[in-house]
Amino acid sequence: MDKLSPLTPVSPRISFKSSLQHLDLEWTVQNLPHHQELKMIFLIEISRIRTSNIIWVGNYSTTVKWNQVIHWSWKSELPLECATHFVRIKSMVDNGMPPELSSWSEWSSWEEVHAQNPLEPNALFVFPKRKLVEEGANVTICSIFGSNLKDIFCYLEGELIHGEQLDSHILTFELSNVPFVRVSGMNFYCVEKPTNITDGIVLFVSKVLEEPKDFSCETRDFKTLSCTWSPGVDTGLGWSMQPSQSYTLVESVSRERKHCEHKNVCNWKITQELQEIYNFTLIAENHLRKRSVNIFFNLTHRVHPLAPYNVSLESIEATQATLRWKVLYHGNRYSLLCQVELEGEGKVIQQSNVSVKVSGEEIFSELVPDTEYQACIRCAGAGHFWKWSEWNCQKFSTSEAAPSEALAVWSTVREENGSCIVNLFWKPLSKLHAKGKILHYNIITENLDKPHRVKLYSASGLANDMKLTLDQCAYQINVTASNSAGQSPASVIAISGDSGKEVEEERIQRTEDGFFVSWKPLSADNIIGYVVGWCVRLQDPLCDLQWKNIGPNTTSTVISSDAFRPGIRYDFRVYGISTGRVASLIEKRTGYYRELTPSMNPRVTVKNLTSHSFVLSWTDYSTNDQSGFIQGYHVSLKSKNRQCQPGFEKAVCSAYTLVQIILPMIFSVLLIISVCYWKSQWVKEKCYPEIPDPNKSSILSLIKSKENPHLTIMNVKDCIPDALEVINKPESTKAQVMGTEKPFLAESELTAYLYPLQKEHSGPGPWICFENFTYNQSASDAGLCGHIPVPSKDLPWQQGLLTQPDNLLNVLEGNCEQPLREIPAGEASLNYVSQLASPLYGDKDSFSNNPTTTMPEPCSDYKMQMAVPACLASPLPSKESSLSSVVLLDQGEHYH
Amino acid sequence: MDLRAGDSWGMLACLCTVLWHVPAVPALNRTGDPGPGPSIQKTYDLTRYLEHQLRSLAGTYLNYLGPPFNEPDFNPPRLGAETLPRATVNLEVWRSLNDKLRLTQNYEAYSHLLCYLRGLNRQAATAELRRSLAHFCTSLQGLLGSIAGVMAALGYPLPQPLPGTEPTWAPGPAHSDFLQKMDDFWLLKELQTWLWRSAKDFNRLKKKIQPPAAAVTLHLEAHGF
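Each protein sequence line maps, in turn, to chains P and D. In our numbering, each residue carries its 1-based index in the first sequence increased by 103. In our numbering, each residue carries its 1-based index in the second sequence increased by 88.
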């Protein structure tokens, strides 16, 4: 096999594209035979800065014809402007033999590429001048500067960065994984200091173009396909570097394409009616990248029908209506499935599906008269569901029908001046039974004695009662309700002049569910049912009468109502309804929803005042004023400064009577007086034995006779030793003590509590408590006792009397309360008088009418007025008690 | 130079100035022909208002350019901005300017700056920025008309643009994007300096034109106000 002579590449020409950083080579092959094609391999070497600095070596294989110019490109990472590049080529015929057996041609000469003119000494440049990359790319930036420039500082986005010195006047910067920062690009610049010579570039970094999402096409009218998608991020950049990505639709069946004007929707005109299959490709494109998505579909599977039109309701009756509508016709082969819904009161009550080509019809039945409905309809492809159309809804109302139910009627009857006054009540019909707007109520009265005397009354549709004045009380009354379609069945009620038997009222308790009302059954043959009636608002003339119909076999019911209020008494009447529709009262019940404490006290008057007694009288509560059943009245007498407290004795008097407290008081006083008189000597010895008078001592008689008759000397040896205390009190003490006691003698305080019982009882006035035993505890706690001040008789002589026990009361009050509770009343009645009576009774003119006035009763109640507490009867060691004595004695010296 | 947005001093000063002179206008009218005084005042007020408006616009635009252009100490060489009319002038020279020359320089400067400013609008990538620039251009056009009004009131002819001196500062392939940004930077900076100088110019002119009697009337009216 002959060895082919080497064919040397000649005249390589180099050009460059700065924006793409491409080196473009062109050359020819010498000595190539005419009309002959040779498969050749070219070996290419590229050097940078100097020829010996080879930076790239590579092969290029191609078929070469005679006189053919061969093109080849090389992309440089480093901007070509920053360094001189050199290229040379050699070739070899590719004859299928191993390279070592073939021979290479000679190298072409080095071709030099200067992308930048020779630099001025003060020049500074940064390259590439205009660079567009995608986010995440690696970029090489270079800076070249003249010989006069030394201190070059370079900044990326204002931050100083350091590069690699490629040559004495070339700096390179490798930026890897560059981010998107802003549409106006990243700024890179270099400056020479101190000359401030500056140059820079803007690196435009684009966001990565995203694949369109949710690409979909559909038709609504078989004329246009509407294709939509989500475009993703906008990759547009400023300075006209890159506009926002564009979108193009390509349909491969018809081989048509369309540039989309909007970034998320494109309309495609359906021109070939026979084309059912579509294969769309959506291409998104910017300067750096293309992304595409594809869909393939049958047109009839992508039909999104328009909403039905001409929707109307026809033949609307009370219980039936017909819905009719039309849809857009899509050809005889294509039908729609329409969904019909009937809504009433906000709920879907009927639903059905109808297959339609042009128009449809649906009949609604079993509708409620006089009711508003809404019929809604939407459609979708019958063969293949894609999307429902929008709803089209129409409202309509059914017409009225005659009321279907008889009214619930009740009445009250009373005779007045020979006439019969009938208050007739009826309950409005429910919407279900009224079947329309009730225009009026018809009342027909028929005299039972004269059956042909019929009278017709009419009431407004808003009324629910009527007052009838009849000449007698034997009538049958028919009541009907009318609307525009007719009237209801008649409701019949009969009244009679018979007032019926007297029925005793019984009290009932409310249970958790309500008032439980029961009655004895009547003979079932004559009774068609029972009615329980009651009033909700007692203050109204018609009292808002309520009633409840109960069947003939029932003998109890529970009445519950939200209208029931605490403290109101409700009366329930149970009537039996005879076959003749006549009601007869059979039971009365009364009860409280919840009993309350009486809201007011009775008006009490005091009568028949005597020295030993008085009479309290009051009027009874009226039934309507009772907030609970009054079980009794509670009377108590209290000291004027005290309040009723639990534990005090009470007098319970039955209602409707006067309280008589006279007898026990008289009896008690007499008993004490008798005992005191009978035991006076014994009491005197025990309680206040006679105090020996030193002036009457036998010892003094000698001295008195010999010396000064006024001089009295007590010789201790002559006396039996006993407790003896001598107090020497100067005159000034008297005045001071009197001053201290003065406030207790205030006249206003005295007159306010003057009591008619001063002869027996000089203590505080009576306190009278009225109690409902149901609420005894709470009432007492709440201080509901009434203080009944009795009109005083301000007699001058009484002031002095009343002053003293009041003083004592105030002085002793703090000490006595506890002993009073601990000591039985029976033991506390004896010794008191002897202690205080001794000095006081010296003034018999003042005290003769009231021997017990000095008895203090700080803790007394209505019985304590006749008992003497032990704490007062025994000597009190306190200073206060001594002072009281001084006041009473009005003496400068006092002996115990 | 401070091109930061958010400084309300300019607006405050503008409002104060307007309020101060509201009662003065009828006072001046009382003397008959008001002369060029009100026109100069309005031109001065408009200048202060544009100063305030430019602070906001420049802040937005320089942030759009990115660092280092929005850094306060960035001071690049003028390079391509050499063709911009310079506002800075020697103080003695400025004082020695007569009214006609002072107004003519203002008019010529804003004519050029307005033309350059319209070039910025082409670079803006956001609609909001384009709206702000267009609004400022309209205001600047108003200032130019106002200066022309003052010159007409004083009887000075408007300068005619010489053929071949039309600004031709359009972005092209030879002009790098970075240098374009630097030119934009200098345009805004020079514009701000010009507005500052114009305020001084019109204030000086105002004091010079207003008669002393009017000043007394102004004082009295303002006192009443």
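C-beta: ideal position from N, C-alpha, C; glycine also.
Self-check item: Neighbouring residues, chain D, relative to Gly288/P (Cβ below 8 angstroms)
Solution: Looking up residue 288/P in the first sequence gives position 185. Gly154 and Asp265, listed in chain order.
Exercise. Taking only beta-carbon positions, decide if Glu295/P is within less than 8 angstroms of chain D.
Key: By one-based count along the first sequence, residue 295/P stands at place 192. So no, Glu295/P is outside the interface.
Practice problem: Taking Ile398/P and Phe383/P to be in contact with their CB atoms under 8 angstroms, please state how far apart those CB atoms are, rounded to whole angstroms. | Solution: Along the first sequence, read from residue 1 onward, the residue named residue 398/P stands at position 295. Along the first sequence, read from residue 1 onward, the residue named residue 383/P stands at position 280. The Cβ separation is near 5 angstroms, so the contact holds.
Exercise. Inspect the CB distances between the stretch 556-574 of chain P and the stretch 443-452 of chain P and report whether three or more fall short of 8 angstroms.
Key: At 8 angstroms Cβ cutoff, the stretches do not touch.
Quiz prompt | Environment of His138/P [buried if 16+ CB atoms lie within 10 Å] | solution = Walking along the first sequence from the start, residue 138/P turns up at place 35. Residue burial is scored here from C-beta neighbours: His138/P has fewer than 16 other C-beta atoms within 10 angstroms and is therefore classed as exposed.
Exercise. Helix, strand or coil for Pro115/P, going by three-state DSSP, please let me know.
Key: As a first step, residue 115/P must be located in the first sequence, where it is residue number 12. Three-state DSSP puts Pro115/P in a strand.
Quiz item: If we cut at 8 angstroms on Cβ distances, does Leu470/P have a partner in chain D?
Solution: Sequence index remark: in the first sequence, residue 470/P carries index 367 (1-based). By this cut-off, Leu470/P is not an interface position.
Quiz prompt | Inter-residue spacing [alpha-carbon to alpha-carbon] between Lys366/P and Gly168/D | solution = Walking along the first sequence from the start, residue 366/P turns up at place 263. Walking along the second sequence from the start, residue 168/D turns up at place 80. For Lys366/P and Gly168/D, the distance between alpha carbons rounds to 38 angstroms.
Practice problem: Scan the stretch 268-279 of chain D for residues whose Cβ lies nearer than 8 angstroms to a Cβ of chain P and list them as they occur along the chain. | Solution: Going along the stretch 268-279 of chain D in chain order, one finds Gln268, Lys269 and Met270 with a Cβ nearer than 8 angstroms to chain P.
Self-check item: Whole-angstrom distance between Phe119/P and Asn170/P, CA atom to CA atom
Solution: What you label residue 170/P is simply residue 67 of the first sequence in a count that begins at 1. What you label residue 119/P is simply residue 16 of the first sequence in a count that begins at 1. One C-alpha to the other measures close to 23 angstroms.
Exercise. Given a cut-off of 8 angstroms, decide if Tyr633/P and Ile653/P are closer than it, judged by their beta-carbon atoms.
Key: Here residue 653/P is taken as the residue at index 550 of the first sequence, counted from 1. Here residue 633/P is taken as the residue at index 530 of the first sequence, counted from 1. Yes, the Cβ-Cβ distance between Ile653/P and Tyr633/P is below 8 angstroms.
Exercise. Please confirm whether Leu440/P and Ala483/P have their CB atoms less than 8 angstroms apart.
Key: Within the first sequence, the letter at position 337 stands for residue 440/P. Within the first sequence, the letter at position 380 stands for residue 483/P. Pairing Leu440/P with Ala483/P gives a Cβ-Cβ distance under 8 angstroms.
Quiz item: Are any of the Cβ atoms in chain D nearer than 8 angstroms to that of Arg392/P?
Solution: Locating residue 392/P in the first sequence gives position 289, counting from the first residue. Output row for Arg392/P: interface = no.
Quiz item: Does any CB atom of chain D fall closer than 8 angstroms to the CB of Tyr476/P?
Solution: Residue mapping note: residue 476/P aligns to position 373 of the first sequence, counting from 1. It does not; no Cβ of chain D falls within 8 angstroms.
Practice problem: Using a cut-off of 8 angstroms between C-beta atoms, extract the partners of Pro160/D located in chain P. | Solution: One-based indexing of the second sequence puts residue 160/D at position 72. Chain-order list of chain P residues neighbouring Pro160/D: empty, with the shortest C-beta distance near 11 angstroms, by a criterion of under 8 angstroms.
Exercise. Starting from the C-beta of Phe290/D, find all residues in its chain whose C-beta is less than 7 angstroms away, skip the five residues before and the five after it, and write them out in chain order.
Key: Locating residue 290/D in the second sequence gives position 202, counting from the first residue. Close CB contacts of Phe290/D within its chain, under the 7 angstroms cut and outside five residues either way in sequence, are with Ile128, Thr131, Tyr132 and Thr135 (chain order).
Quiz item: In terms of alpha-carbon separation, which member of Lys326/P, Ala577/P and Leu252/P lies closest to Leu377/P?
Solution: Here residue 377/P corresponds to residue number 274 of the first sequence, with the count starting at 1. Nearest C-alpha to Leu377/P among Lys326/P, Ala577/P and Leu252/P: Lys326/P.
Self-check item: DSSP state of Gln268/P mapped onto helix, strand, coil
Solution: Residue 268/P sits at position 165 when you count from the first residue of the first sequence. Correct three-state label for Gln268/P: strand.
Quiz prompt | C-alpha gap between Lys534/P and Leu426/P, whole angstroms | solution = One-based indexing of the first sequence puts residue 534/P at position 431. One-based indexing of the first sequence puts residue 426/P at position 323. Rounded to whole angstroms, Lys534/P to Leu426/P spans 25 angstroms at the Cα level.
Exercise. Would you mind stating whether Leu487/P and Thr422/P have Cβ atoms separated by less than 8 angstroms?
Key: On the first sequence, residue 487/P is found 384 positions in, with the first residue counted as 1. On the first sequence, residue 422/P is found 319 positions in, with the first residue counted as 1. For the record, residue 487/P in the displayed sequence is His; it is not Leu. At least 8 angstroms separates the beta-carbon of His487/P from that of Thr422/P.
Quiz item: For Lys178/P, which three-state DSSP category applies?
Solution: Your numbering for residue 178/P matches position 75 in the first sequence. Of the three classes helix, strand and coil, the one that applies to Lys178/P here is strand, per DSSP.
Quiz item: By how many angstroms is the C-alpha of Ser502/P removed from the C-alpha of Ile419/P?
Solution: Along the first sequence, read from residue 1 onward, the residue named residue 419/P stands at position 316. Along the first sequence, read from residue 1 onward, the residue named residue 502/P stands at position 399. Taking the straight line from one Cα to the other gives about 7 angstroms.
Practice problem: Verify the CB distance criterion: does Phe119/P have a CB-CB separation below 8 angstroms to chain D? | Solution: Position 16 of the first sequence, counted from the start, is the residue given in the question as residue 119/P. Chain D, which has no Cβ nearer than 8 angstroms to the Cβ of Phe119/P, makes this no.
Quiz item: From Lys296/P to Gly261/P, what distance separates their C-alpha atoms?
Solution: Sequence index remark: in the first sequence, residue 296/P carries index 193 (1-based). Sequence index remark: in the first sequence, residue 261/P carries index 158 (1-based). Gly261/P has its alpha-carbon roughly 16 angstroms from the corresponding atom of Lys296/P.
Quiz item: What does Leu340/P reach in chain D if we use C-beta pairs closer than 8 angstroms?
Solution: The residue you call residue 340/P lines up with position 237 of the first sequence. Counting only Cβ-Cβ distances below 8 angstroms, Leu340/P has contacts in chain D at Ala213, in chain order.
Exercise. Would you decide whether Ile598/P is buried or exposed? Buried here means 16 or more other CB atoms lie within 10 Å of its CB.
Key: On the first sequence, position 495 is the one that residue 598/P refers to. Ile598/P comes out buried.
Quiz item: Of the residues Asn370/P, Val196/P, Ile247/P and Leu559/P, which one's Cα is nearest the Cα of Tyr292/P?
Solution: Within the first sequence, residue 292/P is the residue found at index 189, counting from 1. Nearest option by C-alpha distance: Ile247/P.
Quiz item: If we call anything under 8 angstroms between Cβ atoms a contact, is Glu214/P one with Ile117/P?
Solution: The residue you call residue 214/P lines up with position 111 of the first sequence. The residue you call residue 117/P lines up with position 14 of the first sequence. Annotated as proximal: Glu214/P and Ile117/P, with beta-carbon spacing under 8 angstroms.
Exercise. Output yes if chain P places a C-beta closer than 8 angstroms to the C-beta of Pro165/D; else output no.
Key: If you number the second sequence from 1, residue 165/D lands on position 77. Interface criterion met: the Cβ of Pro165/D is under 8 angstroms from a Cβ in chain P.
Practice problem: For the beta strand (DSSP E) containing Gly447/P, list its first residue and its last residue. | Solution: For the purposes of this step, residue 447/P is taken as residue 344 along the first sequence, with counting starting at 1. Per DSSP, Gly447/P belongs to the beta strand (DSSP E) from Leu439 to Gly447.
Quiz item: Beta carbon of Ser561/P, beta carbon of Asn545/P: below 8 angstroms?
Solution: Position 458 of the first sequence, counted from the first residue, corresponds to residue 561/P. Position 442 of the first sequence, counted from the first residue, corresponds to residue 545/P. Result yes, Cβ atoms of Ser561/P and Asn545/P sit closer than 8 angstroms.
Quiz item: DSSP three-state call for Asp317/P: helix, strand or coil?
Solution: Here residue 317/P refers to the residue found at position 214 of the first sequence. In this structure, Asp317/P counts as strand in the three-state DSSP scheme.
Quiz item: Which residue comes first and which comes last in the alpha helix (DSSP H) that contains Thr192/D?
Solution: Working through the second sequence from its first residue, we reach residue 192/D at position 104. Residues Asp187 to Gln211.
Quiz item: Could you check where the beta strand (DSSP E) with Leu278/P kicks off and where it finishes?
Solution: Against the first sequence, residue 278/P aligns to sequence position 175. Segment Ile273 to Leu278, the beta strand (DSSP E) holding Leu278/P.
Quiz prompt | Bridge-paired residues (DSSP) for Trp721/P | solution = What you label residue 721/P is simply residue 618 of the first sequence in a count that begins at 1. BP columns for Trp721/P point to Val707/P.
Self-check item: Sufficient close CB pairs (3 or more, under 8 angstroms) joining the stretch 276-285 of chain P to the stretch 294-311 of chain P
Solution: Three or more pairs of CB atoms, one per stretch, sit closer than 8 angstroms, so the stretch 276-285 of chain P contacts the stretch 294-311 of chain P.
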